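**Student:** Residue 228 in the UniProt record's numbering sits at position 228 of the sequence shown, and the numbers go up by one each step.
All C-beta atoms, glycine included, are put in the ideal place defined by N, C-alpha and C.
If you're wondering where the values come from, they're calculated on a predicted model, not measured in any experiment.
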Amino acid sequence: MKVKQLQLKNYRNYELLDLTFNDGLTILTGENAQGKTNLLEAIFLLSMAKSHRTNHDNELIRWGESYAQVEATIETKNYDFPLSLSLGPKGKIAKVNYIEQAKLSHFIGKLNVVLFAPEDLQLIKGSPSLRRKFLDSELGQSHPVYLQALLDYNRILKQRNRYLKENGYKKQFDPVYFDVITDQLIEKAVEIITYRIEFVEALDELARPIHKSLSNQRDILSLEYKSSTSKLDYEQLDTLDQQFHRLYENSLEREKERGVTAYGPHRDDLYFSLNEKDAQNFASQGQQRTIVLSLKLAEIEWLNNRIGEYPILLLDDVLSELDDNRQHILMSQIEGKVQTFLTTATIKGLNLTQLEHAQILYVEDGQITEEGE
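What follows is the structure in structure tokens.
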């Protein structure tokens, strides 16, 4: 899978932009705050229909303008097709092959990307919400059914929490109505958890040998998806529905008191262990970097296994966070397989064999010039 052409209109600091990319490595270089990451964000936007940097779409629209548009020509092994996403007063308008999509979930995942940014290095030490976001992002772009289940779950969860908060201890609390909401929530919860467990198990199998190689055979990495409570046994997925019903029944008074749903996939976590020790507590900074690098390389292979071709790789100023050895391993793993977009303040000091054949674009104040122009 490749991005052949990218067109921006009124996007961030770009008034008009039309770029054609090569099939291998494209390096976007220039000083900070010139628009390098904005280009990667635009490609990510065409994959997930949202930014990885902000939840406010109006921030993506050029100052003083009423709308923004991002378009690209995508090449797959079977055919080429255009994607476009417009942001404006009427919200998002998403088109695939010039046909407007009735739901954003029909648009998401037509372009598959793996993003590796400095904030990803917080995956190990950061909050559980970061790791859940990682799971949802990867599964959402490759499994439309998962994405819809997640949207449904979040909607029902909000409805259930509101009912608990507003009516928990009031006379009008309707246990029959509440049970209906709870049944709907459990159905979606089981679906989400099943997808997540299957994904983590596949990722664990792929990441383990990659990490062993990266650590010179010293460290054994393990990934595990866990519930926030020991009262749920995820090894017994066939009984998970009954487990949830029993748990919610026993915790109803606690949930009424707090006004929130206490258990479910919205509170679960992804655990990393290194040599059978919790990586969050025991892994050094260097070991954490190696874990995240292994995870990203495993993501790439997982998507290739899933969709039958490699995704786009977006490297947002991340090489500066990796030593020369990790840089070399990362780039050698993707060379000749994955179209890659890399942002960096300067190409000086980059120890990359791919530099000789790279497309180098210089970014300055929303203007792009190519090496040799």
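Only counting the same chain, and skipping five residues up and downstream in sequence, which positions put a Cβ closer than 6 Å to that of Gln333?
**Tutor:** Your numbering for residue 333 matches position 333 in the sequence shown. Leu297.
**Student:** Considering only residues of the segment 38-122, which uninterrupted beta strand (DSSP E) runs meet the minimum length of 3 residues and lie entirely inside it, listed in chain order?
**Tutor:** Runs of the beta strand (DSSP E) inside the segment 38-122: 68-75, 80-88, 91-96, 113-116.
**Student:** Going by beta-carbon coordinates alone, are Lys36 and Val363 separated by less than 7 Å?
**Tutor:** Numbered from its first residue, the sequence shown carries residue 36 at position 36. Numbered from its first residue, the sequence shown carries residue 363 at position 363. Yes, they are a contact pair.
**Student:** Please name the residue, chosen from Leu39, Pro311, Arg208, Gly366, that lies closest to Val292 on a Cα-to-Cα basis.
**Tutor:** Counting from 1 along the sequence shown, the entry for residue 292 is found at position 292. Of the listed residues, the one whose Cα sits closest to Val292 is Arg208.
**Student:** With a Cβ-Cβ cutoff of 7 Å, do Leu85 and Ile74 count as a contact?
**Tutor:** Sequence index remark: in the sequence shown, residue 85 carries index 85 (1-based). Sequence index remark: in the sequence shown, residue 74 carries index 74 (1-based). Cβ distance not < 7 Å, so Leu85 and Ile74 don't count as in contact.
**Student:** Excluding the 5 residues preceding and the 5 following Gln359 in the sequence, name in chain order all residues of the same chain whose CB lies nearer than 6 Å to its CB.
**Tutor:** The residue you call residue 359 lines up with position 359 of the sequence shown. Closer than 6 Å at the Cβ level, and outside the excluded window around Gln359, lie Asn22, Thr26.
**Student:** Can Ala49 and Tyr11 be called in contact, C-beta distance under 7 Å?
**Tutor:** Residue mapping note: residue 49 aligns to position 49 of the sequence shown, counting from 1. Residue mapping note: residue 11 aligns to position 11 of the sequence shown, counting from 1. Not a contact, by the Cβ cut-off of 7 Å.
**Student:** Kindly indicate which residue of Gly88, His143, Gly24 has the alpha-carbon position closest to the one of Ile307.
**Tutor:** On the sequence shown, position 307 is the one that residue 307 refers to. The residue with the shortest Cα to Cα distance from Ile307 is His143.
**Student:** Please go through the segment 307-365 and give each complete alpha helix (DSSP H) segment of 4 or more residues, from N-terminal end onward.
**Tutor:** 324-334
**Student:** With distances taken between CB atoms, is the gap from Lys103 to Tyr153 smaller than 7 Å?
**Tutor:** If you number the sequence shown from 1, residue 103 lands on position 103. If you number the sequence shown from 1, residue 153 lands on position 153. In terms of Cβ geometry, Lys103 and Tyr153 do not form a close pair [threshold 7 Å].
**Student:** Beta-carbon within less than 6 Å of Asp57's beta-carbon, same chain only, minus the 5 sequence neighbours each way: which residues are those?
**Tutor:** In the sequence shown, residue 57 corresponds to position 57, counting from 1. Counting only Cβ-Cβ distances below 6 Å, and skipping sequence neighbours, we find Leu87.
**Student:** State the start and end residues of the unbroken beta strand (DSSP E) segment that holds Asn10.
**Tutor:** As a working note, residue 10 is residue 10 in the sequence shown. Note, Asn10: beta strand (DSSP E), 2-11.
**Student:** Could you check what DSSP says for Ser284 in three-state terms: helix, strand or coil?
**Tutor:** Numbered from its first residue, the sequence shown carries residue 284 at position 284. Under the three-state reduction of DSSP output, Ser284 falls in the coil class, being neither helix nor strand.
**Student:** Does DSSP put Lys188 in a helix, in a strand, or in coil?
**Tutor:** Here residue 188 is taken as the residue at index 188 of the sequence shown, counted from 1. Note: Lys188 maps to helix in three-state DSSP.
**Student:** Going by Cα to Cα distance, which pick from Asn78, Gln242, Arg289, Thr344 is closest to Leu39?
**Tutor:** The residue you call residue 39 lines up with position 39 of the sequence shown. Nearest option by C-alpha distance: Thr344.
**Student:** Judging by CA-CA distance, which residue of Leu350, His357, Leu247, Gly286 is the nearest neighbour of Leu121?
**Tutor:** On the sequence shown, residue 121 is found 121 positions in, with the first residue counted as 1. Measuring from the Cα of Leu121, the nearest candidate turns out to be Gly286.
**Student:** Lys158 by DSSP, collapsed to three states: which one?
**Tutor:** Locating residue 158 in the sequence shown gives position 158, counting from the first residue. Of the three classes helix, strand and coil, the one that applies to Lys158 here is helix, per DSSP.
**Student:** Could you please give the first and the last residue of the uninterrupted alpha helix (DSSP H) stretch that includes Glu15?
**Tutor:** The count along the sequence shown starts at 1 and reaches residue 15 at position 15. Careful: Glu15 lies outside any alpha helix (DSSP H), inside the beta strand (DSSP E) at 14-20.
**Student:** Does the segment 252-269 come within contact of the segment 221-238, defined as at least 3 CB pairs closer than 8 Å?
**Tutor:** yes
**Student:** Look at the alpha carbon of Asn216 and the alpha carbon of Ile210, and state the distance between them as a whole number of angstroms.
**Tutor:** Translated into positions along the sequence shown, residue 216 becomes position 216. Translated into positions along the sequence shown, residue 210 becomes position 210. Cα to Cα, the separation comes out at about 10 Å.
**Student:** Per DSSP, which residues does Gln367 bridge with? Please list them.
**Tutor:** For the purposes of this step, residue 367 is taken as residue 367 along the sequence shown, with counting starting at 1. Answer is Glu364.
**Student:** Can you tell me whether Gly30 is buried or exposed, with buried defined as 16 or more other CB within 10 angstroms of its CB?
**Tutor:** For the purposes of this step, residue 30 is identified with residue 30 of the sequence shown, where counting begins at 1. Buried, since its Cβ has 16 or more Cβ neighbours within 10 Å.
**Student:** In the structure shown, what three-state DSSP assignment does Asp241 receive?
**Tutor:** The residue given as residue 241 occupies position 241 in the sequence shown. Helix, per DSSP.
**Student:** Just mark Asn305 as buried or exposed, buried being the case when its beta carbon has 16 or more other beta carbons within 10 Å.
**Tutor:** Taking the sequence shown and counting its residues from 1, one reaches residue 305 at position 305. Asn305 should be labelled exposed.
**Student:** Tell me, please, whether the segment 177-191 touches the segment 242-254 by the rule of three or more beta-carbon pairs shorter than 8 Å.
**Tutor:** yes
**Student:** I'd like to check one pair, Asn112 with Met1: are the Cβ atoms closer than 7 Å?
**Tutor:** Here residue 1 refers to the residue found at position 1 when the sequence shown is read from its first residue. Here residue 112 refers to the residue found at position 112 when the sequence shown is read from its first residue. Using a Cβ distance threshold of 7 Å, Met1 and Asn112 count as a contacting pair.
**Student:** Tell me Ile27's beta-bridge partners as DSSP assigns them.
**Tutor:** Position 27 of the sequence shown, counted from the first residue, corresponds to residue 27. Ile27 has Leu342, Ile360 as its beta-bridge partners, per DSSP.
**Student:** Taking the CB atoms as reference points, tell me whether Leu6 and Leu19 lie closer together than 7 Å.
**Tutor:** The sequence position of residue 6 within the sequence shown is 6, counting from 1. The sequence position of residue 19 within the sequence shown is 19, counting from 1. Their beta carbons are under 7 Å apart, which means Leu6 touches Leu19 by this criterion.
**Student:** Could you say which of Trp63, Pro118, Thr54, Lys90 lies nearest to Leu314 if we only look at CA atoms?
**Tutor:** By one-based count along the sequence shown, residue 314 stands at place 314. Leu314 has its Cα closest to that of Pro118, out of Trp63, Pro118, Thr54, Lys90.
**Student:** Nearest to Thr76 by alpha carbon, out of Leu157, Asp238, Gln339?
**Tutor:** The count along the sequence shown starts at 1 and reaches residue 76 at position 76. That would be Gln339, whose Cα lies nearest to the Cα of Thr76.
**Student:** Between the C-alpha atoms of Lys170 and Glu257, what's the straight-line distance to the nearest angstrom?
**Tutor:** Position 170 of the sequence shown, counted from the first residue, corresponds to residue 170. Position 257 of the sequence shown, counted from the first residue, corresponds to residue 257. Rounded to whole angstroms, Lys170 to Glu257 spans 12 Å at the Cα level.
**Student:** Counting only the same chain and skipping the five closest in sequence on each side, list residues whose C-beta sits under 6 Å from that of Ile368.
**Tutor:** In the sequence shown, the residue the question calls residue 368 occupies position 368. Within the same chain, Ile368 has close Cβ partners Leu361.
**Student:** If contacts are defined as beta-carbon pairs under 8 Å, then Leu60 and Ser51 qualify, I think. What distance do you get, rounded to the angstrom?
**Tutor:** In the sequence shown, counting from the first residue as 1, residue 60 sits at position 60. In the sequence shown, counting from the first residue as 1, residue 51 sits at position 51. Contact holds; Cβ gap of about 6 Å.
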